[in-house]
Structures are given as structure tokens and as C-alpha cells.
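Residue numbers (numbering that gives the first Met the number 0), protein chains in the order written: chain V, 0 to 279; chain X, 0 to 279.
Notes follow once the structure below has been shown.
2 protein chains.
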Amino acid sequence: MSTPRQIPNVVTIAGIDPSGGAGIYADLKAFSAHGAYGCGVVAALTAQNTQAVTGVHTPPIDFLRLQIDTLFSDVRIDAVKLGMLGTADIVFNVADRLAHYAAKFVVCDPVMVAKSGDHLLAKNAVAMVKEALLPQSFMITPNLPEAGVLLDQRAPESVKEMYRAAERLRELLPLSSERWVLLKGGHLPGGELMDLLFDGDRMVELPGQRIDTKNTHGTGCSLSAAIAALLPQAQGQFRPVEAAVRHAREWLLRAIAASGELEVGKGHGPVHHFHALWKR
Amino acid sequence: MSTPRQIPNVVTIAGIDPSGGAGIYADLKAFSAHGAYGCGVVAALTAQNTQAVTGVHTPPIDFLRLQIDTLFSDVRIDAVKLGMLGTADIVFNVADRLAHYAAKFVVCDPVMVAKSGDHLLAKNAVAMVKEALLPQSFMITPNLPEAGVLLDQRAPESVKEMYRAAERLRELLPLSSERWVLLKGGHLPGGELMDLLFDGDRMVELPGQRIDTKNTHGTGCSLSAAIAALLPQAQGQFRPVEAAVRHAREWLLRAIAASGELEVGKGHGPVHHFHALWKR
């Protein structure tokens with residue numbers, strides 16, 4: 000990527016994973032690995048490690064709004080990444096504040112279930128995501144199960160079904176302005192791996208490479224955070240959104256491949272966000 | 000610093016500053032800038048920007064303990080940095096858990112007042128810091144006002160008074176094992192700048208260099224976090240603790256000097272944690 004002079008300020012609004020592999024901390028590491036200054040608004044706290052979520056604590060809604068208002072009233076925010084938002088009330092209030100500040104480059108990762116299998120989004124919140132949050136989103140980055148929930152259908156099981164799902168997901172976003180769907184095919188049955196990037200006009204196939212590792216904690220968080228960090232920096236390039244997504248995917252692949260350099264926990268370990276920056 | 004092969008896992012137990020300049024996020028950035036994998040246990044949330052703290056939310060004590068137990072039971076922790084702990088109850092429970100897990104390289108930054116002037120530690124918590132937390136601390140890193148509070152005297156106003164304060168602070172730590180005081184002289188009147196590093200035996204004078212900037216938000220957090228990240232990696236070197244402290248101070252000086260590259264808020268901006276890693 001080219002590096003313009005202004006360092007982007009990027010905020011994640013999501014949950015906290017104290018073990019640092021997912022959620023806000025993973026997002027901050029991904030921002031930092033891509034030359035962006037990181038902020039973070041806390042929608043929920045978890046007690047969590049690489050094996051399980053053992054507890055959740057949700058701060059009051061008024062305090063969530065206060066965090067956002069205090070931040071946006073002082074700091075120029077160039078992109079927003081949305082992760083675990085937990086409840087319909089949180090979703091509504093985040094969407095309300097993003098609309099108020101006319102937030103740019105909102106990348107919505109519709110987190111619903113943790114790698115450990117624990118549910119992270121109340122079931123009645125899905126309608127609010129579609130009604131209030133998607134209109135504020137520049138890009139959504141669902142995986143196949145999340146796409147199924149958003150579309151109220153079973154998860155796509157082939158690239159052909161992914162095409163149709165990406166088209167239908169794009170219809171959930173405002174039709175009259177530039178909006179993007181990144182549909183992640185990591186859950187495809189069989190060996191195939193394919194993501195689709197779609198703006199309503201041109202479908203970009205992004206074939207992937209499977210890496211044999213259990214260290215996949217926070218891969219979804221990290222990818223969408225990297226994209227949010229890169230979107231402001233990619234402006235002016237040819238096909239800037241596609242460039243940002245391709246760059247972020249290549250980085251994540253290397254971060255997963257390097258995850259064995261870390262020794263963090265006994266379950267699904269984190270990816271190595273700083274594989275390219277640390278000299279060892 | 001030499002770079003042994005094992006990447007240390009370092010946890011900060013502190014407060015959150017959503018604007019990313021201080022607290023847990025600054026600590027994670029400092030860990031990441033020094034080759035350490037970062038975790039973070041949330042003792043308190045603030046709504047905050049570069050100008051003011053507008054609100055504080057404290058999760059239940061049981062949830063604090065759950066975060067710590069969930070993390071330490073799964074992840075090997077090589078060093079601990081302690082920041083804003085807020086209340087006597089929090090201080091007691093953090094100390095209790097650190098003792099339970101026999102935590103190594105605990106660097107205690109006795110945060111009491113934000114750069115904005117807001118109080119971050121209840122006044123009745125100071126006795127608990129001395130009674131429960133200092134016995135678990137490998138190093139404490141007070142500035143001069145904090146040293147005054149810990150010693151129940153006025154803040155030192157000269158290097159000579161700092162010598163005596165460092166000696167008295169060392170007496171608050173266990174006498175029969177290796178423990179360190181880093182007394183930070185940034186608040187000395189006049190142009191002089193001097194930190195003192197003392198283990199009860201040898202007093203090391205660390206003269207400083209003042210940089211004309213208002214971007215000093217989170218300098219204390221960042222320094223103690225960098226030290227915590229470096230302590231495990233410095234083992235085996237000549238005078239490892241002194242080496243870690245000198246390295247962290249030089250890094251912070253350059254991070255302050257580079258802070259103008261960031262454009263974060265209208266008040267006391269953050270330092271540039273990644274000045275050495277980002278190619279621009």
C-alpha cells in the first residue's frame with residue numbers, strides 16, 4: 000500500500016477478550032500492524048481465554064453512548080470497525096451515534112458466535128442489525144453462518160450459493176451509494192476456500208489457502224480491523240477497496256502462518272499480528 | 000536488547016481510555032512495540048478523550064477476579080503491569096490473585112491522577128496499595144506526587160530529596176528479595192529532569208531530556224508497560240533491570256518526540272508508540 004502522510008485514527012466498537020486474541024485488543028493490534036492509530040469503545044466485557052468464554056459484563060447503555068460522544072467530539076475518526084455488540088439495545092445506540100457523527104468507512108463484522116461456540120449476539124438483535132446498523136455500514140464482513148442468519152436462510156454451502164448470498168446481502172445495504180459485502184467462505188465444506196467481494200456491480204472472487212492450525216482465535220476480528228485501517232490509506236489507488244481487502248487478507252494469511260511463534264494458551268490461540276514488524 | 004526466542008506474554012491490569020492514549024490500550028501498544036504479546040484485564044472503564052475524563056464505570060469485583068482467573072489458568076504470563084486500580088477493593092483483589100498465581104515481574108505504576116487532573120484512585124485505597132499490592136510488586140514506578148502520597152509527605156522537590164524518597168520507597172517493598180524503585184522526576188521544578196532507579200543497594204541516576212510538547216497523555220502508562228515487556232527479555236544480560244529501564248526510557252523519549260506525527264484530539268495527545276516500527 001502507498002503511505003500518505005496522514006496517520007488514520009480508527010476506532011473499534013466491540014467487546015473485550017482479556018487474552019488479547021479477539022475483540023478490541025485484536026483490533027488494536029491489527030490497526031497498529033497497519034499504520035493506524037487505534038481507539039476502542041467498549042460495548043461489552045468478557046472473561047475469556049483460548050478455550051472458553053466464562054463470563055460477560057455489559058456496561059450501561061448511557062456509558063456506551065458517553066464513550067462514543069466523548070471520543071468523537073474530540074478525535075477525528077477516519078474509519079470504524081464494529082465487532083461484538085451483544086444486544087439490540089447496543090446495536091441501536093451504536094447505529095444512532097454513527098449516524099449522528101456521519102461516520103466514514105464503517106466496517107461491520109456481524110459477530111454472532113465465538114470460535115469456542117459461545118453466542119455473542121442476542122437472537123432478537125439480528126433484526127436491529129439489519130434495520131439500524133447496516134444502513135450505517137460501508138462494508139459488512141459476514142462468514143457463511145452469519146450470512147445465513149442475516150438472510151434468514153441456511154448458510155451457503157457452495158461458491159454458487161455464496162454468489163447468490165452476496166447479492167442478497169448487498170440488497171440489505173443502501174442501494175444508492177457505494178457499499179460492499181465481503182462474504183467469507185472459510186466455513187465451506189470440503190477443501191475449497193473462497194471469499195467473495197461485491198459492491199452490487201462487480202463480483203470479485205478471492206480464492207484462499209487453508210492453513211493447518213488450531214490458532215484461529217480472532218481471525219474474523221483481525222481481518223475486518225485490518226480492512227478498516229487500510230480503507231482510508233487506500234484512497235486514490237486503483238480500486239481502493241479491493242486493494243485494501245486483498246492486502247488485509249494476505250496479511251492475515253501470514254499472521255495465521257506465523258501463529259506458532261506465539262505460545263498463548265492451550266486452546267484456539269491467537270494469530271501473530273506483528274509477524275511483519277518484529278525483527279527476531 | 001537481545002531477542003531470545005520465546006515471545007513473552009504480558010498482561011496489564013488497569014483502566015480503559017477509549018481514545019487509546021493511556022491505560023490498557025497504551026499498554027498494549029507499548030507491549031506490541033517491544034516484541035511482547037499483550038493481554039489486558041479491565042479494572043475500570045473510563046469515558047475519556049485528550050481533554051477530560053467524562054465518566055467512569057467499574058465492573059463488579061467478582062467479574063474482575065473471573066477475568067484474572069480465566070486468563071492465568073490458561074495463558075503463561077511472564078510479566079504484569081498494574082495501572083489504574085481505582086478502589087481499595089480492586090487493589091486488594093488484584094493483589095490477592097497475583098499472590099495466588101505467584102506472578103513474576105509485577106511492575107506497579109501507582110496511578111492516582113490523570114494528566115487532565117482527574118482523580119483515578121480513591122484516597123482510602125493508598126493504604127491498601129501499601130499493605131497488599133507493594134508486597135507483590137517487583138518494581139514500582141511512581142512520579143513525584145505519587146511518591147509523596149505513598150510516603151505521606153510532600154512531593155520531593157530536588158534530586159537530593161528524590162534520593163531520600165527512593166530509599167524510603169524501597170523500604171515499602173519486601174526487603175529480603177530483589178525489588179526495584181523507579182522514581183520519575185518529571186515533575187521537578189525548574190529545567191532539571193532526573194529519574195532514579197534503586198534496588199536498595201545501588202542508586203542509578205538517569206538524567207532526562209525535556210521535550211517541548213503537550214502530547215504527554217499516557218507517558219507514565221507507556222513507560223511502565225515497556226519495562227514490563229522488556230524485563231523477561233532482558234534476563235541473562237548484564238544488569239538486566241537497568242538495561243530494560245534504560246531501553247524503555249530511550250524508546251519513550253523518541254515516542255514523545257514523534258508524537259507530532261499523530262493528530263489525535265485537541266488536548267494532551269498520545270505518544271507515538273510505533274515510531275520505530277512503521278515505515279513511512
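Heads up, the beta-carbon is just placed ideally off N, CA and C, and yes, glycines get one too.
Bridge-paired residues (DSSP) for residue 202 (chain V):
Checking the DSSP bridge columns, you'll see residue 202 (chain V) partnered with V:197.
Do residue 280 (chain V) and residue 60 (chain V) have their C-beta atoms closer together than 9 angstroms?
Outside the shown range of chain V (0 to 279) lies residue 280 (chain V), about which nothing can therefore be said.
Any beta-carbon of chain X closer than 9 angstroms to the one on residue 0 (chain V)?
Reliability of the predicted coordinates at residue 0 (chain V) is poor, the pLDDT of 46 falling under 50, and no value is obtained from them.
Residues of chain V with a CB under 7 angstroms from the CB of residue 220 (chain X): which are they?
Contact annotation for residue 220 (chain X) against chain V: no contact, minimum CB-CB distance about 14 angstroms [criterion: below 7 angstroms].
Shortest alpha-carbon distance to residue 277 (chain X) belongs to which of X:261, X:139 and X:72?
When X:261, X:139 and X:72 are compared, the shortest CA-CA separation from residue 277 (chain X) is found for X:261.
Output, in sequence order along the chain, the residues in the stretch 241-260 of chain V whose CB is closer than 8 angstroms to any CB in chain X.
For the stretch 241-260 of chain V, which is checked against every Cβ of chain X, the residues closer than 8 angstroms are 260.
Quick check: what's the CA-CA separation for residue 176 (chain V) versus residue 136 (chain V)?
If I take the Cα positions, the gap works out to 11 angstroms.
Mind checking which residues open and close the alpha helix (DSSP H) that includes residue 66 (chain V)?
Counting along the chain, the alpha helix (DSSP H) containing residue 66 (chain V) begins and ends at 60-71.
Reduced DSSP category for residue 267 (chain V) - H, G, I as helix; E, B as strand; rest coil:
Coil at residue 267 (chain V), not helix or strand.
What separation, rounded to the nearest whole angstrom, lies between the Cα atoms of residue 128 (chain V) and residue 87 (chain V)?
Going by the C-alpha atoms only, they are around 8 angstroms apart.
Whole-angstrom C-beta distance between residue 228 (chain X) and residue 33 (chain X), which should lie under 8 angstroms
The Cβ separation is near 4 angstroms, so the contact holds.
Count the other CB atoms within 10 Å of the CB of residue 325 (chain X); is the residue buried (16 or more) or exposed (fewer)?
Beyond the ends of chain X as shown, which are 0 and 279, falls residue 325 (chain X); an answer cannot be given.
Under 8 angstroms: do the stretch 137-146 of chain V and the stretch 105-114 of chain V share three or more Cβ pairs, one atom per stretch?
Contact holds: three or more Cβ-Cβ distances are below 8 angstroms.
Positions along the stretch 42-54 of chain X whose CB lies within less than 7 angstroms of some CB in chain V:
Answer in chain order: 44, 46, 47, 48, 49, 50, 53 and 54.
Between the stretch 208-228 of chain V and the stretch 268-276 of chain V, can you find at least three pairs of beta-carbon atoms closer than 8 angstroms?
As far as the Cβ criterion goes, the stretch 268-276 of chain V touches the stretch 208-228 of chain V, which means the pair count is three or higher.
Ordered along the chain, which non-local residues of its own chain (more than five positions away) have a Cβ less than 6 angstroms from that of residue 206 (chain V)?
The residues are 193.
Below 6 angstroms CB to CB, which residues in the same chain sit around residue 20 (chain X) once its five sequence neighbours on both sides are set aside?
Answer for residue 20 (chain X): 216, 217 and 269, listed in chain order.
If you run the structure through DSSP and keep just helix, strand and coil, what is residue 3 (chain V)?
No answer about residue 3 (chain V) holds up, because its pLDDT of 49 lies below 50 and its placement is not dependable.
Got a sec: is the Cβ-Cβ distance from residue 38 (chain V) to anything in chain X below 9 angstroms?
It does: the Cβ of residue 38 (chain V) has a partner Cβ on chain X nearer than 9 angstroms.
Work out the CA separation of residue 31 (chain V) and residue 28 (chain X) for me, nearest whole Å.
Cα-Cα distance, rounded: 8 angstroms.
Residues within the stretch 89-100 of chain V neighbouring chain X, beta-carbon criterion of under 8 angstroms
Among the residues of the stretch 89-100 of chain V, none has a Cβ less than 8 angstroms away from any Cβ of chain X.
Answer with yes or no whether the minimum CB distance from residue 184 (chain X) to chain C is below 9 angstroms.
Going by chain labels, chain C is absent from the structure shown, which instead holds the protein chains V and X.
CB-CB length for residue 49 (chain X) against residue 263 (chain X), believed under 8 angstroms
Contact flag correct, Cβ pair sits at about 6 angstroms.
Nearest-angstrom Cα distance between residue 156 (chain X) and residue 72 (chain V)?
Their backbone Cα atoms lie some 38 angstroms apart in a straight line.
Chain V residues whose Cβ lies nearer than 7 angstroms to that of residue 66 (chain X):
Below the 7 angstroms Cβ cutoff, chain V contributes 17 and 46 as neighbours of residue 66 (chain X), in chain order.
Check each candidate in V:220, V:105, V:91 and V:43 and name the one with the smallest Cα separation from residue 124 (chain V).
Of V:220, V:105, V:91 and V:43, the residue nearest in Cα terms is V:91.
Could you have a look at residue 99 (chain X) and say whether DSSP puts it in helix, strand or coil?
Helix.
Who does residue 179 (chain X) pair with in a DSSP beta bridge?
X:138.
So with Cβ pairs under 9 angstroms, would you call residue 6 (chain V) a contact of chain X?
Residue 6 (chain V) counts as touching chain X.
CA-to-CA distance, residue 246 (chain X) to residue 275 (chain V), given in whole angstroms:
If you take the alpha carbons of residue 275 (chain V) and residue 246 (chain X), they lie about 22 angstroms apart.
Tell me whether residue 5 (chain X) is buried or exposed, calling it buried when 16 or more other Cβ atoms sit within 10 Å of its Cβ.
Its Cβ having fewer than 16 others within 10 Å, residue 5 (chain X) is exposed.
Since I believe residue 254 (chain V) is in contact with residue 243 (chain V) (beta carbons under 8 angstroms), could you give me their beta-carbon distance rounded to a whole number of angstroms?
That pair is no contact at about 16 angstroms.
With a 10 Å radius around its C-beta and 16 neighbouring C-beta atoms as the bar for buried, classify residue 212 (chain X) as buried or exposed.
Residue 212 (chain X) should be labelled exposed.
Between the alpha carbons of residue 223 (chain X) and residue 161 (chain V), how many angstroms are there, rounded?
For residue 223 (chain X) and residue 161 (chain V), the distance between alpha carbons rounds to 49 angstroms.
Please tell me whether residue 150 (chain X) and residue 167 (chain X) are closer than 9 angstroms, where the distance is taken between their beta carbons.
Their beta carbons are under 9 angstroms apart, which means residue 150 (chain X) touches residue 167 (chain X) by this criterion.
For residue 251 (chain X) and residue 191 (chain X), what's the separation of their Cα atoms in angstroms?
About 18 angstroms.
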